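Notes for the one structure printed next.
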Amino acid sequence: MEKAILRVENMKARYGPVEVLHGIDLHVNEGEIVSLLGSNGAGKTTLLNCICGLHGAKDGSVWFRDQDITRIPAELVVARGMAHVPERRQIFSTLTVEDNLWLGASHRMPKTSKREIAKEMETVYERFPILAERKWQLGGTLSGGQQQMLAIGRALLSRPQLLLLDEPSLGLAPLIAKEILTIVQEIRSQWGTTVLLVEQNARAALAISDRAYVLSTGTVMLEGTAEMISNDPRVQSAYLGHS
Ligand code: ATP
């Protein structure tokens with residue numbers, strides 16, 4: 000039977016007095032890639048921030064691996080096995096690639112030895128050879144695609160069971176965007192990492208997802224398997240460019 004690693008129940012969120020999420024229910028099963036789709040302003044980023052502890056003005060609950068993490072701050076949520084790669088990546092531009100990666104693992108030390116982490120870092124470098132080539136370069140001097148790879152590599156070093164990715168292909172050239180989504184798929188198959196993905200490019204996201212949720216002005220408009228969502232006429236006309 001499928002087991003949910005993440006459950007979000009009746010999530011409501013506010014900015015000041017304005018409610019922007021109106022009671023969202025969502026779950027992600029272990030090993031799945033689930034996409035969160037919807038137009039600009041639908042509430043996707045806010046929902047991810049509510050899940051990972053970055054947005055406090057909320058009601059409802061978040062269960063991660065059968066534990067209630069609704070009120071747990073973001074830095075402690077990471078230690079429990081949930082990594083978040085925010086929109087626009089937010090890597091440290093004045094630190095080297097290597098130091099950015101070390102930061103991903105910082106909360107695991109000293110419990111996990113530096114040597115052990117250095118070994119894992121080698122696996123990340125194998126997955127992203129461009130980062131190995133540029134390990135002494137400052138993060139801010141990488142291209143957009145390379146920065147995205149660094150942000151994902153850094154998140155992987157926190158050894159997540161669940162990876163939250165907010166628009167990983169934002170602002171990237173189409174080929175690089177495609178490569179990033181292929182990498183997401185490979186991370187799931189190589190590391191067994193479960194992924195909740197926010198993506199503007201619905202077609203590309205659905206191609207790598209098992210299931211998807213479509214948000215519209217703070218509510219779930221539609222949910223189902225990637226195939227069902229791809230074939231839904233409303234999704235086709237609004238997000239997939241079909242009539
Ligand atoms: P996008 O795809 O454009 O990133 P989104 O689906 O991620 O959009 P959110 O960024 O979560 O949507 O925004 C949801 C709603 O909350 C929008 O109406 C937005 O204007 C509002 N909002 C987001 N951030 C803030 C903020 N800091 N202060 C006030 N309102 C905000």
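Residue numbers are given in numbering that gives the first Met the number 0: position 192 of the sequence shown equals residue 191, and the series is strictly consecutive. Beta carbons are placed, not taken as given, at the ideal position from N, Cα and C, and that holds for glycine. Please read all numbers here as calculations on a predicted model, not as lab measurements.
Between A201 and L36, which are expected to be in contact by the criterion C-beta below 8 angstroms, what is the C-beta distance as a whole number of angstroms? In the sequence shown, the residue the question calls residue 201 occupies position 202. In the sequence shown, the residue the question calls residue 36 occupies position 37. 5 angstroms between Cβ atoms; contact.
Is the distance from the Cβ of G138 to the Cβ of I90 below 7 angstroms? As a working mapping, residue 138 is identified with position 139 in the sequence shown. As a working mapping, residue 90 is identified with position 91 in the sequence shown. Yes, they are a contact pair.
What number of angstroms, rounded off, separates the C-alpha of S236 from the C-alpha of S229? Counting from 1 along the sequence shown, the entry for residue 236 is found at position 237. Counting from 1 along the sequence shown, the entry for residue 229 is found at position 230. Their backbone Cα atoms lie some 10 angstroms apart in a straight line.
For a cutoff of 7 angstroms on Cβ pairs, would you count E18 as touching chain C? No chain C appears in this structure, which consists of one protein chain only.
DSSP on I108, reduced to helix/strand/coil? Against the sequence shown, residue 108 aligns to sequence position 109. A small fix is needed here, since residue 108 is Met in this sequence, not Ile. Correct three-state label for M108: coil.
For S157, three-class secondary structure by DSSP: As a first step, residue 157 is located in the sequence shown; it is residue number 158 there, counting from the start. Coil at S157, not helix or strand.
Boundaries (first-last residue) of the beta strand (DSSP E) holding N28: Here the question's residue 28 lines up with position 29 in the sequence shown. It spans 17-28 - the beta strand (DSSP E) in which N28 sits, taken as one unbroken run.
Can you tell which of I182, A172, P173 has its C-alpha closest to the C-alpha of T149? Here residue 149 refers to the residue found at position 150 when the sequence shown is read from its first residue. A small fix is needed here, since residue 149 is Leu in this sequence, not Thr. It is I182 whose Cα lies nearest to the Cα of L149.
Can Y14 be considered in contact with ligand 1, in the sense that its beta carbon sits closer than 6 angstroms to one or more heavy atoms? The residue given as residue 14 occupies position 15 in the sequence shown. At least one heavy atom of ligand 1 is nearer than 6 angstroms to the Cβ of Y14, so yes.
Measure the C-alpha to C-alpha separation of K177 and S168 and round it to an integer number of angstroms. Within the sequence shown, residue 177 is the residue found at index 178, counting from 1. Within the sequence shown, residue 168 is the residue found at index 169, counting from 1. Those two C-alpha atoms are separated by around 8 angstroms.
Let's test the definition: count the other Cβ atoms within 10 Å of the Cβ of P159 and tell me whether it reaches 16, buried, or not, exposed. Here the question's residue 159 lines up with position 160 in the sequence shown. That one is buried.
Based on the DSSP output, what are the partners of F63 in its beta bridges? Mapped onto the sequence shown, residue 63 falls at position 64. According to DSSP, which records beta bridges pairwise, F63 is partnered with L5, Q66.
For S242 and I23, what's the separation of their Cα atoms in angstroms? Reading the sequence shown from its first residue, position 243 is the one you call residue 242. Reading the sequence shown from its first residue, position 24 is the one you call residue 23. In this prediction, S242 has a pLDDT of 40, which is less than 50 and means its spatial position is unreliable; what the coordinates show is noted afterwards. Looking at the two C-alpha atoms, the distance is approximately 28 angstroms.
What is the residue span of the beta strand (DSSP E) that L195 lies within? For this step, residue 195 is matched to residue 196 along the sequence shown. Looking at the DSSP string, the run of the beta strand (DSSP E) that includes L195 is 193-197.
Taking only the alpha-carbon atoms, compute the straight-line gap between L195 and A204 and give it to the nearest angstrom. What you label residue 195 is simply residue 196 of the sequence shown in a count that begins at 1. What you label residue 204 is simply residue 205 of the sequence shown in a count that begins at 1. Going from the Cα of L195 to the Cα of A204 covers about 11 angstroms.
Grouping DSSP H, G and I as helix and E and B as strand, with all else coil, what is S236? In the sequence shown, counting from the first residue as 1, residue 236 sits at position 237. The answer is helix: DSSP assigns S236 an H, G or I state.
Stretch pair the region 3-22 + the region 48-64: three plus CB contacts closer than 8 angstroms: yes
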